[in-house]
Amino acid sequence: MPRKVIKFLPTPNPNALKCVLDASLPEPVRSFRRREEAESDPLGRALFSVPGVAGVLLAGEWMTINKSPDADWEPVKSGVQAALKAV
1 MPRKVIKFLP TPNPNALKCV LDASLPEPVR SFRRREEAES DPLGRALFSV
51 PGVAGVLLAG EWMTINKSPD ADWEPVKSGV QAALKAV
């Protein structure tokens, strides 16, 4: 089922955003710090295909996206929404 982010929330880390989703993600909680770690996870792989994504934590009705320091948030957020729709 395609999901979407209903709210992006700041975190103490300027390179991380908490993304509140409209539906729960499948269990278990998953964390990927590199693209290679996410290769076997369809959502993780899709999120790492977004330019600027540097890390992903997937947990229930939310996820945290880490971006590279030189990436801008607006294109990353748009890419995250597109990745969620595609999976």
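Under the numbering used here, the residue at position 57 of the sequence shown is numbered 57, and the numbers go up by one with no gaps. Beta carbons are placed, not taken as given, at the ideal position from N, Cα and C, and that holds for glycine. Just so you know, these numbers come straight off a predicted model, no measurement behind them.
Judged by DSSP secondary structure, LEU21 falls within the beta strand (DSSP E) whose first and last residues are 16-21. The Cβ-Cβ distance between VAL76 and GLY52 falls below 8 Å. Rounded to the nearest whole angstrom, the C-alpha separation of GLY55 and ALA83 is 14 Å. In the assembly as shown, ILE6 is an exposed residue. Its beta-carbon has fewer than 16 other beta-carbons within 10 Å. Within the model, the alpha-carbon separation for SER24 versus LYS4 is close to 10 Å. In the DSSP secondary-structure assignment, ASN13 is not bridged to any residue. Closest option to GLY60, judged by alpha-carbon separation, among SER40, PRO14 and VAL20: VAL20.
Secondary structure note for ARG45: its alpha helix (DSSP H) is the uninterrupted segment 42-48.
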